Amino acid sequence: MDIIKISPRGYCYGVVDAMVIARNASLDQSLPRPIYILGMIVHNKHVTDAFEEEGIITLDGPNRLEILEQIESGTVIFTAHGVSPQVKARAKEKGLVCIDATCPDVEFTHDLIREKTADDYDVIYIGKKEHPEPEGAIGVAPDHVHLIETLEDVAELPGYLADKKLIVTNQTTMSQWDVSHIMEELKVQFPHIEVHKEICLATQVRQEAVAEQAGEADLLIVVGDPKSNNSNRLTQVSKEIAHTNAYRISSLNELKNEWLEGVEKVAVTAGASTPTPIVKEVITYIKNYNIEQQEAPKSSVPMAKILPKIKNPAPVKVME
1 MDIIKISPRG YCYGVVDAMV IARNASLDQS LPRPIYILGM IVHNKHVTDA
51 FEEEGIITLD GPNRLEILEQ IESGTVIFTA HGVSPQVKAR AKEKGLVCID
101 ATCPDVEFTH DLIREKTADD YDVIYIGKKE HPEPEGAIGV APDHVHLIET
151 LEDVAELPGY LADKKLIVTN QTTMSQWDVS HIMEELKVQF PHIEVHKEIC
201 LATQVRQEAV AEQAGEADLL IVVGDPKSNN SNRLTQVSKE IAHTNAYRIS
251 SLNELKNEWL EGVEKVAVTA GASTPTPIVK EVITYIKNYN IEQQEAPKSS
301 VPMAKILPKI KNPAPVKVME
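Positions 1 to 320 (this note's numbering) are the ones given, in order, by the sequence shown.
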């Protein structure tokens, strides 16, 4: 079967950095045990499961501050999505050793919010409700950051914002097509608003690649975790911008042969937190697919191939 391997795809630098930090932590015997990750280090269950095998415990849930209360001692790693200052302060108060794996692009948005609210601005933040990245960003200045997700949410913003200095920014993994029309409406409602579009470059170029290349295929397969916002957005971009049907799968196990029936050309991409071996396995299966195959596809990627190899383990930087 003809296949288009959309590029770029897969791991971004923020994900790689976070995984390397956590992998080095698992190898650093000077760190107090147990070692916990506060949430999924990146949004991919294959990665989470692989770290569990390394003895690193993932504690996930909708509220990082509440999850933290489950930890009494040891080391805690903050994920690539970032956490609020309240979470960092509480972890220190509990006497935990803290390691910060926040993506630099997320940290940049936190710094922007901190700087602007200190100068008496309010912040309208476009993000996915109940996602950990907005949770951390809002926590920088909870009384001055207003989370919205849709165009309809603009009408629900408090009226006093018309008299405030304002900026709008966004979750880094949103699609540019998700935020642009909302930002335009905000400029109509609040003509004085400053716009800071903070879609990270890795997310943007992956979305643009799908928008430009998926139209050449009959079908797009996005390999990514259901909790991965950027993976879900790639599926959306294919359908809405490239007008190519798309399915998101976590691994080869979720690929259905019937999707490939009558299809001549398939494009494949992957979310920024999807392990490369998982993607390669999907590509190989589709490339070799023939219509006579009846057996359901089955993943055989060993857990040992999921995490980055560390040739020279390095001491992990601990937060002061």
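The beta carbon of each residue, even a glycine, is placed where N, CA and C say it ideally should be. Note that the structure is predicted; figures quoted are calculated from it, not measured.
Taking only the alpha-carbon atoms, compute the straight-line gap between threonine 58 and isoleucine 6 and give it to the nearest angstrom.
-> One-based indexing of the sequence shown puts residue 58 at position 58. One-based indexing of the sequence shown puts residue 6 at position 6. When rounded, the distance between both Cα atoms is 31 Å.
Skipping 5 residues on each side, what residues in its chain have a beta carbon closer than 7 Å to that of leucine 112?
-> Here residue 112 is taken as the residue at index 112 of the sequence shown, counted from 1. Around leucine 112: Thr169, His196.
Could you give the C-beta distance for tyrosine 11 and threonine 276, rounded to a whole number, given that I count them as a contact under 8 Å?
-> Taking the sequence shown and counting its residues from 1, the one referred to as residue 11 is at position 11. Taking the sequence shown and counting its residues from 1, the one referred to as residue 276 is at position 276. Right, their Cβ atoms sit about 7 Å apart.
Just checking, does the segment 113–124 make contact with the segment 20–30 on the three C-beta pairs under 8 Å criterion?
-> Verdict: no, contact absent.
Is threonine 235 helix, strand or coil by DSSP?
-> As a position in the sequence shown, residue 235 is number 235, starting the count at 1. DSSP places threonine 235 in helix when its eight states are reduced to three.
Could you pull the start and end residues of the alpha helix (DSSP H) that histidine 146 belongs to?
-> Within the sequence shown, numbered from 1, the residue matching residue 146 stands at position 146. That residue, histidine 146, is in no alpha helix (DSSP H); its beta strand (DSSP E) goes 145–148.
Alpha carbon to alpha carbon, how far is isoleucine 199 from tyrosine 125? Give it in angstroms, no decimals.
-> Reading the sequence shown from its first residue, position 125 is the one you call residue 125. Reading the sequence shown from its first residue, position 199 is the one you call residue 199. It is roughly 12 Å from the alpha-carbon of tyrosine 125 to the alpha-carbon of isoleucine 199.
Taking the runs of the beta strand (DSSP E) that are 3 residues or longer, which of them lie wholly in the segment 182–250?
-> For secondary structure counted as the beta strand (DSSP E) over 3 or more consecutive residues, the segment 182–250 holds these complete runs in sequence order: 219–223, 246–249.
Between the Cα of leucine 201 and the Cα atoms of Pro8, Ile138, Pro313, Tyr289, which residue gives the shortest distance?
-> Residue mapping note: residue 201 aligns to position 201 of the sequence shown, counting from 1. Checking every option, the nearest Cα to that of leucine 201 belongs to Pro8.
Are the beta-carbon atoms belonging to threonine 172 and glutamate 133 less than 8 Å from one another?
-> Here the question's residue 172 lines up with position 172 in the sequence shown. Here the question's residue 133 lines up with position 133 in the sequence shown. Contact flag set, yes.
Check whether the Cβ atoms of aspartate 100 and methionine 319 sit closer than 8 Å, and answer yes or no.
-> For the purposes of this step, residue 100 is identified with residue 100 of the sequence shown, where counting begins at 1. For the purposes of this step, residue 319 is identified with residue 319 of the sequence shown, where counting begins at 1. For the 8 Å CB-CB criterion, aspartate 100 and methionine 319 form a contact.
Whose C-beta lies closer than 6 Å to the C-beta of aspartate 60 among residues of the same chain, with five residues either side of it excluded?
-> Taking the sequence shown and counting its residues from 1, the one referred to as residue 60 is at position 60. Cβ contact annotation for aspartate 60 (same chain, cutoff 6 Å, sequence separation greater than five): Gly39, Met40, in chain order.
Taking only beta-carbon positions, decide if glutamate 52 is within less than 8 Å of chain C.
-> Structure shown: chain C not included; a single protein chain is present.
Whose CA, out of Val223, Ser180, Glu93, His144, lies closest to the CA of serine 273?
-> Looking up residue 273 in the sequence shown gives position 273. Checked all of Val223, Ser180, Glu93, His144; the closest Cα to serine 273 is Val223.
Taking only the alpha-carbon atoms, compute the straight-line gap between histidine 146 and isoleucine 167 and give it to the nearest angstrom.
-> Position 146 of the sequence shown holds residue 146. Position 167 of the sequence shown holds residue 167. Computed Cα separation, rounded: 10 Å.
Beta-carbon separation (whole angstroms), alanine 211 vs alanine 242, contact threshold 8 Å = Start at 1 with the first residue of the sequence shown, and residue 211 comes out as number 211. Start at 1 with the first residue of the sequence shown, and residue 242 comes out as number 242. Alanine 211 to alanine 242, Cβ: 6 Å. Contact.
From what residue to what residue does the beta strand (DSSP E) around asparagine 170 run?
-> Residue numbering aside, residue 170 sits at position 170 when the sequence shown is read from its first letter. Segment 165–170, the beta strand (DSSP E) holding asparagine 170.
Methionine 183 to glutamate 216 span [Cα, whole Å] = For the purposes of this step, residue 183 is identified with residue 183 of the sequence shown, where counting begins at 1. For the purposes of this step, residue 216 is identified with residue 216 of the sequence shown, where counting begins at 1. One C-alpha to the other measures close to 30 Å.
Whole-number beta carbon distance between glutamate 107 and glycine 82, since they are thought to touch under 8 Å = Along the sequence shown, read from residue 1 onward, the residue named residue 82 stands at position 82. Along the sequence shown, read from residue 1 onward, the residue named residue 107 stands at position 107. Right, their Cβ atoms sit about 7 Å apart.
Between leucine 31 and valine 97, what straight-line distance do the alpha-carbon atoms span, to the nearest angstrom?
-> Position 31 of the sequence shown, counted from the start, is the residue given in the question as residue 31. Position 97 of the sequence shown, counted from the start, is the residue given in the question as residue 97. Our two residues, leucine 31 and valine 97, have alpha carbons roughly 8 Å apart in a direct line.
Which residues mark the beginning and the end of the beta strand (DSSP E) in which threonine 79 is found?
-> If you number the sequence shown from 1, residue 79 lands on position 79. Note, threonine 79: premise wrong, no beta strand (DSSP E); not H, not E.
Just checking my contact of glutamate 149 with glycine 127 at CB under 8 Å: how many whole Å lie between their CB atoms?
-> In the sequence shown, counting from the first residue as 1, residue 149 sits at position 149. In the sequence shown, counting from the first residue as 1, residue 127 sits at position 127. About 7 Å; that satisfies the 8 Å criterion.
When you compare only the Cα positions, how much space is there between glutamine 86 and proline 62?
-> Stepping through the sequence shown from its first residue, residue 86 is reached at position 86. Stepping through the sequence shown from its first residue, residue 62 is reached at position 62. In a straight line, the C-alpha of glutamine 86 is about 15 Å away from that of proline 62.
DSSP on threonine 265, reduced to helix/strand/coil?
-> Position 265 of the sequence shown, counted from the first residue, corresponds to residue 265. Looking at the sequence itself, residue 265 is lysine, so the reference to threonine does not match. Under the three-state reduction of DSSP output, lysine 265 falls in the strand class.
Can the beta-carbon of leucine 220 be found closer than 8 Å to that of serine 231?
-> Residue mapping note: residue 220 aligns to position 220 of the sequence shown, counting from 1. Residue mapping note: residue 231 aligns to position 231 of the sequence shown, counting from 1. Contact annotation: leucine 220 and serine 231 have beta-carbon atoms that are not nearer than 8 Å.
Alanine 137: which of Asp105, Val154, Glu152 sits nearest, CA to CA?
-> Here residue 137 is taken as the residue at index 137 of the sequence shown, counted from 1. When only C-alpha atoms are compared, the closest one is Asp105.
Glycine 218 to glutamine 204, Cα distance in whole Å?
-> Reading the sequence shown from its first residue, position 218 is the one you call residue 218. Reading the sequence shown from its first residue, position 204 is the one you call residue 204. The sequence given here has aspartate at residue 218, not glycine. About 23 Å.
DSSP three-state call for alanine 101: helix, strand or coil?
-> Taking the first residue of the sequence shown as position 1, residue 101 is located at position 101. The three-state secondary structure of alanine 101, taken from DSSP, is coil.
So, using beta-carbon positions, are tyrosine 289 and leucine 252 closer together than 8 Å?
-> If you number the sequence shown from 1, residue 289 lands on position 289. If you number the sequence shown from 1, residue 252 lands on position 252. In this structure, leucine 252 does not lie closer than 8 Å to tyrosine 289 by Cβ.
Do you know whose CA, among Glu254, Ala91, Val188, Pro34, lies nearest alanine 296's CA?
-> Counting from 1 along the sequence shown, the entry for residue 296 is found at position 296. Among Glu254, Ala91, Val188, Pro34, the Cα nearest to that of alanine 296 is on Glu254.
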